[in-house]
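In my numbering, the protein residues as written are 7 to 354. Read the structure below first, then the notes.
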Ligand SMILES: NC(=O)c1ccc[n+]([C@@H]2O[C@H](COP(=O)([O-])OP(=O)(O)OC[C@H]3O[C@@H](n4cnc5c(N)ncnc54)[C@H](OP(=O)(O)O)[C@@H]3O)[C@@H](O)[C@H]2O)c1
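Following this line, the structure appears as structure tokens:
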């Protein structure tokens, strides 16, 4: 481990990125981390030494939209690579970031991401990210924040796999948005209003239809299934949307969903959006969809936007290993990013 701080270049200044900035420039910033630069689609700033000032970071975050979106060129990466323990942090939901990651990793820049799209990309693209021949030696790609926000889901699963346990089933409530919406429905809030509140609180994907259609959960299921050695693709996930893509006006569902939730309550059941990954030998299957479960089911006891992941394995066969807690929001996701920065750069 070096003695200098890790040099972080943050890409994305939305809900998660602004929480990273708030923590980095707040009263109790994590030790051993220097924020060297910030970018979004509107601006980019990377300093050669020391830390970018809070004012400069704020200026990038509040810059007006530009007609020509910013690109992170090789020159920017070369400048970042010259700094001590450089780390590129992806706090975007952008498509096609794989190429940027490969260019960074090749230069010895660690990559830490909250963006699950590169991990759930078509297998060949994802495999390239993990191909050590494309990386400078010792360069790390870490992605704990992609599943369950700040919860230790990926690391727990990796530990199970690398210690020789056999994962048989992973059951999860992984959409902070859908969890929150269902809990609000239970409390009598109209569906369309519940979605608007979830967006206001920063729980939703930049495009909430990704949550409502189950696509965001399907991506997370793919990320988890691939930790089991599977080459599962998003199209392989047996997906039942919470809201079909054909529904454009959410208010049209208010009455129907309120009645459904009330009906279930009289039967002692609750609606949850559950993803399931089943592994049998080398075959891994994944599914996601709305399900009515008894009120004492662990998934029914979640509050707000909480997430739950239960691993049933050869060793945890009777009582699954359960990870649960807040599963969405800027601050908890930023925590996972900082933890990954420290782990990637050996500053633990
Ligand atoms: N919110 C959560 O609770 C949560 C939890 C876990 C993981 N995540 C993941 O974290 C990521 C960010 O989520 P968010 O809620 O913070 O999204 P967000 O509020 O929409 O912010 C996205 C940011 O990324 C920037 N951006 C988009 N494309 C870019 C590109 N090609 N190059 C540079 N910057 C780009 C945007 O720039 P502009 O500002 O210029 O538009 C914006 O600042 C997503 O992948 C999400 O799945 C979120």
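All residues carry an ideal CB built from backbone N, CA and C; glycine is no exception. Please read these numbers as outputs of a predicted model, since none were measured by experiment.
Pop quiz: residue i and residue j are said to be a contact at Cβ under 8 Å. What is the actual Cβ separation, rounded to whole angstroms?
i           : j           : result
residue 45  : residue 66  : 7 Å
residue 85  : residue 52  : 6 Å
residue 151 : residue 332 : That pair is no contact at about 13 Å.
residue 245 : residue 224 : 5 Å
residue 135 : residue 153 : In fact, because the Cβ distance is near 16 Å, the residues do not count as touching under 8 Å.
Tell me which residues share the same chain as residue i and place their Cβ nearer than 7 Å to its Cβ, disregarding the 5 neighbours each side in the sequence.
i           : result
residue 100 : 121
residue 267 : 191, 192 and 277
residue 217 : 181, 183, 184, 210 and 211
residue 64  : none
residue 389 : Shown here, the chain extends from 7 to 354; a query on residue 389 therefore has no answer.
For residue i, count neighbouring C-beta atoms within 10 Å of its own C-beta (all shown protein chains included) and say buried if the count is 16 or more, exposed if not.
i           : result
residue 339 : buried
residue 344 : buried
residue 309 : exposed
residue 137 : exposed
residue 126 : buried
residue 98  : buried
residue 33  : exposed
residue 287 : exposed
residue 55  : exposed
residue 301 : exposed
residue 177 : buried
Under 6 Å Cβ to Cβ from residue i, same chain only, skipping five residues before and after it: list those, please.
i           : result
residue 291 : 284
residue 77  : none
residue 330 : 314
residue 336 : 21, 22, 25 and 208
Do you know offhand how far residue i's Cα is from residue j's?
i           : j           : result
residue 106 : residue 57  : 23 Å
residue 334 : residue 81  : 34 Å
residue 282 : residue 274 : 23 Å
residue 145 : residue 264 : 50 Å
residue 315 : residue 237 : 21 Å
residue 149 : residue 110 : 15 Å
residue 43  : residue 319 : 42 Å
residue 118 : residue 12  : 12 Å
residue 348 : residue 196 : 42 Å
residue 260 : residue 243 : 28 Å
residue 166 : residue 307 : 25 Å
residue 36  : residue 143 : 26 Å
residue 289 : residue 38  : 42 Å
residue 200 : residue 186 : 8 Å
residue 175 : residue 104 : 29 Å
residue 350 : residue 129 : 24 Å
residue 352 : residue 262 : 52 Å
residue 252 : residue 203 : 22 Å
residue 270 : residue 19  : 40 Å
residue 164 : residue 116 : 19 Å
Over what stretch of residues does the alpha helix (DSSP H) that includes residue i continue unbroken?
i           : result
residue 295 : No alpha helix (DSSP H) holds residue 295; the beta strand (DSSP E) holding it covers 289-300.
residue 233 : 221-233
residue 339 : 336-350
residue 283 : Unbroken run through residue 283 is the beta strand (DSSP E), 275-286; no alpha helix (DSSP H).
residue 29  : 21-30
residue 198 : 197-206
residue 186 : 182-192
How far does the beta strand (DSSP E) with residue i in it reach, from first residue to last?
i           : result
residue 92  : 92-96
residue 115 : It is not in any beta strand (DSSP E) - residue 115 carries neither H nor E in the DSSP assignment.
residue 319 : 312-319
residue 42  : 39-45
residue 176 : 173-179
residue 331 : 327-332
Checking contacts by CB at 8 Å: is residue i closer than that to chain B?
i           : result
residue 220 : No chain B is part of this structure, which consists of one protein chain only.
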